[in-house]
Amino acid sequence: MSDPKMPPPIPAGPPPLPPSPSPSPAAPVTGPGSPREVPPVPGSFPIDPATLPQPIRDEVLAPDPAALDTSAAELKDGVNRCPNCGSSDVRLKLGTDVLVCQFCRHEWHGDRVEEAFGFGEGIGELRGTVVASGARDIDTGTASLMSFKCTGCGAEVTINTESTMTARCHWCRHVFGVNEQIANGAVPDAVLPFRISKDDAVARIRQFVDKRRLFALKAFKDQFTPENVTGVYLPYMIVDSNVSASVSGKGEIQTRQYTRGTEKNKQTYYDADVYQVDRQVDFTVDDLTLESSAERGNLDIQSNTNNIINAILPFDTKNALKWNASYLAGFTSEKRNLDVEKLRPRLEDQLLSIARAQVEGSVRRYDRGVRWERERVDVHGTRWVSMYLPVWLYSYHQPGRNGGMLHYIAVNGRTGETMGSVPVQQWKLLLAALTTGTIIEALVLFFLVAAS
160 MSDPKMPPPI
170 PAGPPPLPPS
180 PSPSPAAPVT
190 GPGSPREVPP
200 VPGSFPIDPA
210 TLPQPIRDEV
220 LAPDPAALDT
230 SAAELKDGVN
240 RCPNCGSSDV
250 RLKLGTDVLV
260 CQFCRHEWHG
270 DRVEEAFGFG
280 EGIGELRGTV
290 VASGARDIDT
300 GTASLMSFKC
310 TGCGAEVTIN
320 TESTMTARCH
330 WCRHVFGVNE
340 QIANGAVPDA
350 VLPFRISKDD
360 AVARIRQFVD
370 KRRLFALKAF
380 KDQFTPENVT
390 GVYLPYMIVD
400 SNVSASVSGK
410 GEIQTRQYTR
420 GTEKNKQTYY
430 DADVYQVDRQ
440 VDFTVDDLTL
450 ESSAERGNLD
460 IQSNTNNIIN
470 AILPFDTKNA
480 LKWNASYLAG
490 FTSEKRNLDV
500 EKLRPRLEDQ
510 LLSIARAQVE
520 GSVRRYDRGV
530 RWERERVDVH
540 GTRWVSMYLP
550 VWLYSYHQPG
560 RNGGMLHYIA
570 VNGRTGETMG
580 SVPVQQWKLL
590 LAALTTGTII
600 EALVLFFLVA
610 AS
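If you use the numbering used here, the sequence shown closes out at 611, no skipped numbers anywhere.
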């Protein structure tokens, strides 16, 4: 018998929980991004386009862009041989568009890309997106190093497309160039060779700075060495477009002008008739130039003066030649890093600006102007060609807040057009403004006194 005075024994653990009901099966997850028990068949689209929103469905079902092959099959081994003697030491004859053999001095002209591939034809019949092979989307996984096996001695020659497009075999002196259109954006469809020499560019830059030297920053004047100018091929997309655009808004025609108020409080009033204005225009654009480098396309005026490069446009892109790396010997180049879809919004902005200019002549009767309230551009077809354009660049970094400011002076490598940004002494500008204002005020007082 147990002792009635002893407490009951303490249980070893909490009492067991009642059994829980078995969980009901989860509802199957459906829709884009949901897991599948069986992977889709290779080459098939894993999502039913009918379940997608209309804009996405249209993009998915749209035909792939048509591609035009502009590759130079005869140059894929990396060697551009002289047709007269077979030497590979070939360079651009500066001041012309011809190549010259450094061994036998034979000269020959490359093919114009517009004539070779018909890029100047059929713009009014363009439909959809036509992309030349050098303007295809960039594969970010493609290596920048290209290796060639020298046919002269068997050695391997490596070219880093991040910084150069040509190299010389260190054994037999064969010259190699990257002519195969690799998918990293380094090789375009066409190139527009330099015609302005370095000496000419230096003289133009020196003249440009001399006109602004009075207000220039002292550090800039001390460090100014225009001989450091660099010849660089910058990447651009050259676009042909078949477009329709419509704009609508309010136009005003003045009917009366009158003044009310006292001598010291007069105000001028205008009466005008207001009209609804609608315009629609169809047009084509031939060789519109767009930067295809994100760095050069960055027009943040707080950190750089990239917009200077736009000021030296246009280039004579009609004279561009089929891609040949020999044109780049002695110059540097920058790779394209923007695809067609990234550039499409900028293209449509420029097409709208062109549309406004197209209708400007038909709205001149509205003497108080037209305020466009709705604008629309319909791009029926485009053709995209990747091209290198020649620019002589002089740069100067001005220290300051947020990393300072990068100033450029640029010379169009074809026309010699020069534009730039020179860092200035702010106090000199302020002093000049105050001095000019004082002189004007003195002249005004003189004429008032003379008149009285």
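We put the beta carbon where it would ideally sit given N, CA and C, even for glycine.
Owing to the predicted nature of the structure, the values given are computational and were not obtained by experimental measurement.
With a CB to CB cut of under 6 Å and the five nearest residues on each side skipped, what residues in its chain are close to His612?
The structure shown has nothing for residue 612, since the chain only spans 160 to 611.
Cβ separation of Val334 and Ser247, assumed to be a contact under 8 Å, to the nearest whole Å:
5 Å
When the Cβ atoms of the region 372-387 are set against those of the region 554-566, are three or more pairs found closer than 8 Å?
yes
Span separating the alpha-carbon of Thr418 from that of Arg527
18 Å
Can the beta-carbon of Val290 be found less than 8 Å from the beta-carbon of Val536?
no
Other residues of its chain near Ala610: CB distance less than 8 Å, five sequence neighbours each side excluded
Its pLDDT being 49, under 50, Ala610 is placed unreliably in this model, and the value from its coordinates should be taken loosely. Excluding positions up to five away in sequence, the list is empty.
Three-state secondary structure (DSSP) of Ile397:
strand
CA-CA distance, Arg503 and Leu251?
Each residue's Cα considered, the two are about 34 Å apart.
Can the beta-carbon of Gly540 be found closer than 8 Å to that of Gly287?
yes
Looking only at DSSP bridge pairs, what is Asn651 linked to?
Summary: the structure shown does not reach residue 651, with the chain confined to residues 160 through 611, and so no result is reported for it.
Secondary structure of Asn469, DSSP reduced to three states
helix
How about the region 340-356 and the region 480-495: do they share at least three Cβ pairs that are nearer than 8 Å?
yes
Give the range of the beta strand (DSSP E) segment to which Gln584 is assigned.
Element bounds for Gln584: n/a, residue is neither H nor E.
Whole angstroms are fine: how far does the CA of Gly520 sit from the CA of Lys409?
16 Å
Taking the alpha-carbon positions, what's the Tyr547 to Pro394 distance?
Cα atoms of Tyr547 and Pro394: separation of roughly 5 Å, rounded to the nearest angstrom.
CB contact flag (Thr448, Phe490, <8 Å):
no
Expressed to the nearest angstrom, what Euclidean distance is found between the alpha-carbon atoms of Lys357 and Leu472?
The C-alpha of Lys357 lies about 19 Å from the C-alpha of Leu472.
Inter-residue CB distance, Val388 and Val368 (contact presumed, cutoff 8 Å):
With 8 Å as the limit, Val388 and Val368 do not qualify as a contact, their Cβ atoms being about 12 Å apart.
Classification of Met160 by the beta-carbon crowding that lies within 10 angstroms, buried from 16 upward:
The pLDDT assigned to Met160 is 48, lower than 50, so where the model puts this residue is not dependable, and the model offers no usable value.
Distance check for Gly420 and Arg455, CA to CA, integer angstroms please.
54 Å
How about Val316 and Cys328: are their beta carbons less than 8 Å apart?
yes
Indicate the three-state DSSP secondary structure (helix, strand or coil) for Asp446 in the structure shown.
strand
Which residues share a DSSP beta bridge with Thr389?
Leu552
At a threshold of 7 Å, does Phe442 count as lining the ligand FAD (C-beta to nearest heavy atom)?
The model depicted lacks the ligand FAD and carries no ligand whatsoever.
Which runs of the beta strand (DSSP E) fall wholly inside the region 289-362 and span at least 3 residues, in chain order?
Entirely contained in the region 289-362, the beta strand (DSSP E) runs reaching 3 residues are, in chain order, 304-308, 315-319, 325-327, 334-336.
Rounded to whole angstroms, what is the Cα-Cα separation between His268 and Pro582?
Distance between the alpha carbons of His268 and Pro582 is about 42 Å.
Which first and last residues belong to the alpha helix (DSSP H) in which Arg455 is found?
453-456
In the DSSP output, what is Asp441 paired with across the bridge?
Ser403
Can you give me the C-alpha to C-alpha distance between Ser580 and Asn457, rounded to a whole angstrom?
16 Å
Among Asn239, Gly283, Gln261, Leu234, which residue has its Cα nearest to the Cα of Val444?
Gly283
Would DSSP call Arg542 helix, strand or coil?
strand
In chain order, what residues of the same chain lie with their CB nearer than 7 Å to the CB of Leu227, ignoring the 5 residues before and after it?
Phe276, Val289, Ala291, Ser292
Have a look at the DSSP bridge pairing and note the partners of Cys260.
Beta bridge pairing from DSSP links Cys260 with Val249.
Look at the Cβ atom of Tyr392, then the Cβ atom of Leu258, and state whether they are nearer than 8 Å.
Not closer than 8 Å, so no.
Is the beta carbon of Leu511 sitting closer than 8 Å to the one on Ala404?
yes
Please name the residue in Asp348, Leu211, Gln366 whose C-alpha comes closest to that of Ala232.
Asp348
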